[in-house]
């Protein structure tokens with residue numbers, strides 16, 4: 337197996353890279369300020385240039401890019417936090433979930449506009465006061481009464497709920513079932529009575545968008561159930577597994593951007609009689625960042641090949657989720673160190689990148705959970721007298 341960028345995907349990757357560096361990155365300041373018209377302009381341009389929703393299946397209006405090809409494209413798209421929105425891929429996980437499980441009426445209502453970014457989705461799983469790494473503790477309930485689901489509870493970190501058309505809510509519907517068959521997914525339009533946004537949860541001084549929502553006797557039709565009753569955990573894992581590797585792909589783009597900024601800065605700035613690039617301690621930053629980025633890139637590609645071959649890649653995804661988040665934090669941290677005081681300001685993208693990177697070690701499962709479960713899966717192989725091979729995707 338080769339890790340070279342396939343010749344067939346290189347022109348598309350180059351086009352996405354140009355779109356990101358020439359249009360999205362220069363627009364970040366205005367986009368942070370909430371310039372919706374500019375965002376819509378970027379989205380129209382992406383659609384016109386064949387760069388829209390590249391990872392979505394063709395049958396739902398996407399670009400139909402094969403999974404492995406999407407790895408290479410998603411990396412450069414990840415250079416900016418606005419890349420997903422500008423290029424229409426931020427709905428991928430929710431679109432795939434609806435495509436597989438939604439009833440026909442819900443597909444008609446939500447799926448097509450979702451792919452075209454005419455509406456936003458949101459996803460509600462975690463709850464305040466509970467350890468989300470153990471979702472069996474979730475307390476939000478849904479009871480079927482006269483053909484309607486009646487939902488009661490509280491969720492937080494429901495990203496974009498303030499602008500979303502609907503929220504996919506994980507709630508307890510089978511109180512007498514085993515813990516992992518007790519929960520279901522239900523689609524809740526955000527204009528439903530009883531759906532109340534309490535606050536935008538502040539996160540590391542960033543702009544937010546992570547809503548805390550109360551469900552006070554929220555009633556939706558029975559057909560809003562997503563997939564079979566009691567299969568919420570299965571659907572959640574199907575959503576979160578690929579989502580973790582998508583994060584890792586984009587983290588590579590963020591890390592590469594920070595690395596580029598750092599190396600250019602080393603040539604631009606002088607101190608103590610010469611350029612910073614000549615200082616051995618700063619050369620160490622270059623070496624360490626290069627090796628960590630490349631190691632994470634190969635781990636990510638390995639996990640992607642495992643998924644593409646039909647595997648679940650649980651060990652590979654667990655490993656890269658932890659290693660990728662650490663790598664991203666380390667690379668950005670070194671870039672800030674090279675920039676000095678300027679790296680702590682909003683004059684470079686590094687301050688926001690750094691704060692986003694820290695959150696990566698928590699969302700979609702904290703490091704500690706992934707480390708423990710990955711080690712357990714490897715050790716089970718040896719418990720059975722076998723040897724874990726690192727070459728399964730080759």
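In this note's numbering, the protein residues as written are 337 to 730. All C-beta atoms in this analysis are idealised placements derived from N, C-alpha and C, irrespective of residue type, glycine included.
Which value, in whole angstroms, describes the spacing of the CA atoms of residue 381 and residue 375? 10 angstroms
With contact counted as at least three CB pairs below 8 angstroms, one residue from each stretch, are the stretch 548-564 and the stretch 524-534 in contact? Segment contact: the stretch 548-564 against the stretch 524-534, three or more CB-CB distances shorter than 8 angstroms; contact assigned.
Three-way DSSP call (helix, strand, coil) for residue 343 in this model: coil
Tell me where the alpha helix (DSSP H) around residue 663 begins and ends. Bounds of the alpha helix (DSSP H) holding residue 663 are 650-675.
Taking the beta strand (DSSP E) that residue 493 belongs to, which residues open and close that run? Looking at the DSSP string, the run of the beta strand (DSSP E) that includes residue 493 is 484-495.
Name the residue from 556, 700, 434 and 365 whose alpha carbon lies nearest to the alpha carbon of residue 579. 700
Residue closest to residue 472, alpha-carbon to alpha-carbon, out of 510, 438 and 681: 510
Determine the direct distance from the alpha carbon of residue 515 to that of residue 557, and round the result to whole angstroms. 25 angstroms
Cutting at 6 angstroms between CB atoms, please list the residues of its own chain near residue 587, excluding the five before and the five after it. 660 and 664
Helix, strand or coil at residue 742 according to DSSP, with G and I counted as helix: As displayed, the chain neither begins before 337 nor continues past 730, which places residue 742 out of reach and without an answer.
Just to confirm, are residue 685 and residue 411 a CB contact at a threshold of 8 angstroms? no
Looking only at its own chain, which residues have a Cβ that is under 7 angstroms from the Cβ of residue 589, when we skip the five neighbours before and after it? Here the set comprises 411, 412, 413, 414 and 415.
So, helix, strand or coil for residue 514, using DSSP? coil
Can you say whether residue 607 is buried or exposed, counting buried as having 16 or more other CB atoms within 10 angstroms of its CB? exposed
Can you tell me whether residue 603 is buried or exposed, with buried defined as 16 or more other CB within 10 angstroms of its CB? exposed
Residue span of the beta strand (DSSP E) that contains residue 697, given as start and end: Here residue 697 belongs to no beta strand (DSSP E), and DSSP marks it neither H nor E.
Cutoff 7 angstroms; reference residue 387; Cβ partners in own chain excluding five residues on either side: 351, 352, 355 and 423
Runs of 4 residues minimum, wholly inside the stretch 398-486: which ones carry the alpha helix (DSSP H) assignment? 403-413, 419-423, 428-437 and 448-451
What whole-angstrom Cβ distance do residue 428 and residue 392 have, given they're in contact under 8 angstroms? 6 angstroms
Report yes or no: do the stretch 440-449 and the stretch 621-634 share at least 3 C-beta pairs separated by less than 8 angstroms? no
Residues bridged to residue 584 (per DSSP): Per DSSP, residue 584 has no beta-bridge partner at all.
Near residue 358, what residues of its chain come up, given a Cβ to Cβ distance below 8 angstroms and the 5 sequence neighbours on each side ignored? none
In whole angstroms, what separates the C-alpha of residue 372 from that of residue 682? 21 angstroms
Cα separation between residue 421 and residue 610? 42 angstroms
Exposed or buried, residue 499, counting other C-beta atoms within 10 Å across all chains shown (16 or more means buried)? exposed
Roughly how many angstroms lie between the CA atoms of residue 377 and residue 601, to the nearest whole one? Looking at the two C-alpha atoms, the distance is approximately 32 angstroms.
Beta-carbon separation of residue 595 and residue 667 under 8 angstroms? yes
Quick one: what's got a C-beta closer than 7 angstroms to residue 419's C-beta in the same chain, skipping five residues either side? 356, 360 and 413
Checking 8 angstroms against the spacing of the C-beta atoms, do residue 407 and residue 637 come in under that value? yes
So, are the CB atoms of residue 425 and residue 389 less than 8 angstroms apart? yes
Closest to residue 458 by CA distance: which of 474, 694, 469 and 492 is it? 492
What residues in its chain sit with their C-beta under 7 angstroms from that of residue 513, if we drop five residues either side in the sequence? 566
Residue span of the alpha helix (DSSP H) that contains residue 504, given as start and end: Careful: residue 504 lies outside any alpha helix (DSSP H), inside the beta strand (DSSP E) at 500-508.
Just list the beta strand (DSSP E) runs in the stretch 515-585, keeping only unbroken ones of 3 residues or longer that don't cross its boundaries, in chain order. 519-525, 531-536 and 546-557
Can you give me the start and stop residues for the alpha helix (DSSP H) that residue 392 sits inside? Segment: none, residue 392 is in no alpha helix (DSSP H) and carries neither H nor E.
Same chain only: Cβ atoms within 6 angstroms of residue 485, ignoring 5 sequence neighbours per side: 478, 522 and 556
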